Amino acid sequence: MNTQRIRVIISKEWMDMGKNKMVLIMMALMPVLLVGMVLGTTYFMARAPEQDFEPGAGSGIALPPEMAHLDPKTGTIIMMNDQYMFYLLLIPMALPVYIAAYSIIGEKETRSLEPLLATPISTAELLVGKTIAAVTPAVLLAWGSFAFTALGMYIIASPLIFEYLVRPVWTLSMAIQAPLFALLSTSCGVIASSRMNDPRAAQQVTALFVVPVVGLSMLVLMGRLYLSLQLLLWATLLMVLVNVGVLWLAVKLFQRETILTRWK
Amino acid sequence: MIRTENLTKRFGDNLAVDDLTLEVAQGEVFGFLGPNGAGKTTTMRMLSALVAPTGGTAWVNGYQVGVQNAEIRASIGLLTESPGLYPRLNAEQNLSIYARLHDVDDVAGQLRTYLTLLGLWERRHEPVGGFSKGMQQKLAIARALVHEPTVLFLDEPTSALDPEAARVVRDFIETLKGEGRTIFICTHNLNEADRLCDRVAVIKQRLIRVDTPAALRQGLYGQSVRVRLREPLSALPAVVEALPFVHGVSEMPDGLRVSLDDPEADNPTLIGALVEAGAAIQFVERESYSLEQVYFDLMRESEEAA
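Which chain is which? The protein sequence lines are A and B, in order. For my numbering, count along the first sequence from 1 and bump the result up by 158. For my numbering, count along the second sequence from 1 and bump the result up by 271.
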C-alpha cells in the first residue's frame, strides 16, 4: 500500500469537493440545521411553564424508570435531546454516502476513471483514499456539531441538562459510533456506485440505512429504550461486524474491468 | 516493446478480440484501424492492463499483461477517447495529480515542461471545464506524457476536434515520433494514420492485415501508372497489353491505367510504344491509392472471405 498515492487521492477529492458548491452546501446545511434545531427546542422548552410538562399535559412524555428521579420538565428536555443526538449521528451517515457516491460515479460522469485506473494505483489504494476523503469531513462535522451543541447547551440550559448531554454514553457514541457510521455509509456508497450509474440512485439506496437509526431514536423517545453503556458496547460490536462485512463486499464488488466495461 | 500472442477477449458470448498476434518495435508509431466494435479499444485496454485477456497473452515493455500489471501501468501513458479531466480543477492541478500518482521526482519541472510545450502554461490556473475541446485534449496528452512513459497508447487522439485543433495534436504526435517512444494509435482517421504511422494493423475482431501503408498498397494493387491522353484511341489497350512487363490495362475516361513491374524502368518503353501507336500523351503519373481505399478494400475482402 503506497501512502503517497493514497494522499494524492485524498487531496484530489478534497480539492474537487472544495470547488463543488453543491457538496459544500449539503455538508454545511445538515449540521447547521440539526444543531439549530436542538438548541432552539431546548431554549424554548426551558422557558416553557413547568405545568406544561406534568403527566397528562400536552408537552409531557412518560419518563423511563432510569429518569424517574428527574422533574418532568428536565426529564422531557433530556429525552428530547437524546433523540436529537441520534439525529446528530445521522450526519456521519448521511454525508459520506453523498460524497462517496459522487466521488466514484462522478469519475464516471467526467470519464476520468479510466485514465486514473491506468496509473500504478491499486484498487485498495484508490478505495482507501476515497473512503478517508469521504469519512474525515463527515466525522469532523459530526464532532463539531456535538461540540457546538454541548457549548450551546452549557449556555442556554441548566447544568443538569448539559451533564446529561455530555454523559459518557453520548460522548463515547460520538467518538466511536460516528466514525463507524461514516465508514459504513461510505462502503455502501462505494457498493452502490460500483453497481449503479446514477449518484442519486446510489444515495437513495444507501439512505435506507438511516431507517434503523431513526427507529432507534423513536424507541428512546417513547421511553422503551434507555441508552446505557452496555447498550453502546453491543451496538459498537454490531457496527464493527457490519462494517467489516460491508467493507469486504465493497472491495470485492469494485472491479476495474466491470466498472470500465459496464459504465457507458 | 509490445507483443501479443493469440490475444483474445470475450465478454460473455460476445467475442471482442480474437486470436490477435502482433509485434510493435521500440520507437515505432503503430496504427490500429478498424470499424466501431472491431476490438481496438478493448485491445488497448488489455495492453494497458485495465482489462484482463480471456485467452492468449501479451507483453508491454517486457512486462506480461495479467502478471505485472502495476509495472505496465507505471511504464505506459494512456490517452483515452475522451479527455477524462477533472473539470473543476485547473490544468496544473489535473496534471499534478497524475505526476504524483506516477511518483515523478520533479513534479513542478515536468508540469512546466509539458504545459509550455502544449501551449497551456499561461492558462494553467484556469478550471479545465472552461477549456475548448482542443485544449482539453492537449492537456490529456500532457497527462499521458508527464511521467515520461516509453510506450504511449492514444485512443482516437483527434476525434471530436476541429480541424485546427486536430492539426495541432497531429503535429505534436509527429514531434513525439522523433523521441524514440513507441506510439500505439487507435484511429478512424485514415489520413492521419497514413501520415503518422510507420505500420498499421487493420482489425475486425481478428487481425486482417498488418504492414506499412506503402506495402499494403503494393500488396493490394501492385505498381501502376496512369497515362492521360488528349483523346482515347481504341487500339491503344491492345498495344500496351502486348508489352512483356505489363500485367493489366484498364481504360479510364481520360486515358489508361497500366499495371506493370517497375514504373521507373518500364515507363520509357511504355511511352515509346504509345507514341508509336499515335497516342497524344498529356501526362504519365504513378497511380496513388489512399489508405482509405486500401482500408475499404481490405474490409470488403475480409467480409467476402467470411
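Even for Gly, the Cβ is constructed at its ideal location relative to N, Cα and C. Nothing here was measured: the structure is a model prediction, and the numbers come from that model.
The count of Cβ pairs closer than 8 Å, one atom from the segment 312-327 of chain A and one from the segment 284-297 of chain A, stays below three, leaving the stretches out of contact.
At a cut-off of 8 Å between beta-carbon atoms, T351 of chain B makes contact with chain A.
Every beta strand (DSSP E) stretch that sits fully inside the segment 421-465 of chain B and reaches 3 residues is listed by chain position as 422-426 and 453-457.
Scanning A:Y201, A:L197, A:Y245 and A:A204 for the CA closest to the CA of V372 of chain A turns up A:Y245.
Fewer than three beta-carbon pairs drawn from the segment 251-270 of chain A and the segment 386-395 of chain A are found closer than 8 Å, and the two stretches are therefore not classed as touching. Of the other Cβ atoms in all chains shown, 16 or more fall within 10 Å of the Cβ of K409 of chain B; this residue is therefore buried. Put simply, the backbone Cα of T279 of chain B is about 53 Å away from that of M332 of chain A. At a cut-off of 8 Å between C-beta atoms, F282 of chain B counts as an interface residue with respect to chain A. P539 of chain B has a beta carbon lying at 8 Å or more from every beta carbon in chain A. Interface annotation, P230 of chain A: not in contact with chain B, CB-CB separation never under 8 Å. DSSP lists B:S495 and B:G519 as the beta-bridge partner residues of S530 of chain B. By the rule that beta-carbons nearer than 8 Å mark a contact, G355 of chain B touches chain A.
A residue is called buried when at least 16 other Cβ atoms come within 10 angstroms of its Cβ; S403 of chain B does not meet this threshold and is exposed.
Here the C-alpha atom of S316 of chain A lies approximately 36 Å from the C-alpha atom of A292 of chain A. The residues R274, in chain order, have a CB closer than 6 Å to that of E294 of chain B in the same chain once the five nearest residues on each side in sequence are set aside. For the set B:Q381, B:E435, B:A370 and B:N361, the Cα lying nearest the Cα of R394 of chain B is the one of B:N361. Annotation for L247 of chain A: the continuous alpha helix (DSSP H) segment containing it runs P230 to E267.
By the Cβ neighbour-count rule, N365 of chain B is buried, with 16 or more other Cβ atoms within 10 Å of its own. Taking 8 Å as the Cβ-Cβ cut-off, the segment 384-412 of chain B approaches chain A at P398 and A411, given in chain order. When only Cα atoms are considered, I552 of chain B and Y560 of chain B end up about 22 Å apart. Residues are counted here when their Cβ sits less than 7 Å from a Cβ of chain B; for the segment 192-215 of chain A the count is zero. Here G347 of chain A is buried. Its C-beta has 16 or more other C-beta atoms within 10 Å.
In the DSSP assignment, the residues bridged to G302 of chain B are B:I456 and B:V471. About 4 Å separates the Cβ atoms of S530 of chain B and S495 of chain B, confirming a contact at the 8 Å cut-off. In the three-state reduction of the DSSP assignment, R359 of chain B falls in the coil class.
Within the same chain, and ignoring the five residues on either side of Y334 of chain B in sequence, the residues whose Cβ sits closer than 6 Å to its Cβ are E342 and I343.
Taking a C-beta cut-off of 7 Å against chain B, the contacting residues of the segment 263-276 of chain A are T268, R269, S270, E272, P273, L275 and A276, listed in chain order. The DSSP-derived three-state label of A226 of chain A is coil. Along the segment 300-383 of chain B, the beta strand (DSSP E) occurs as fully enclosed runs of 3 or more residues at 300-304, 326-331 and 347-350, listed in sequence order.
With at least 16 other beta carbons inside 10 angstroms of its own, D465 of chain B counts as buried. Residue nearest to W328 of chain A within the set A:A393, A:M185 and A:V286 is A:A393 (criterion: CA-CA distance).
No residue range can be given for I334 of chain A, since it is assigned to no beta strand (DSSP E) and is classified by DSSP as neither H nor E. For M173 of chain A, the C-beta contacts it makes with chain B under 7 Å involve L360 and Q364, in order along the chain. Within chain A, the residues placing a beta-carbon under 7 Å from that of I368 of chain B are V166 and K170, ordered along the chain. Rounded to the nearest whole angstrom, the C-alpha separation of L228 of chain A and V193 of chain A is 24 Å. With contacts defined as CB atoms closer than 8 Å, L389 of chain B and I412 of chain B qualify as a contacting pair.
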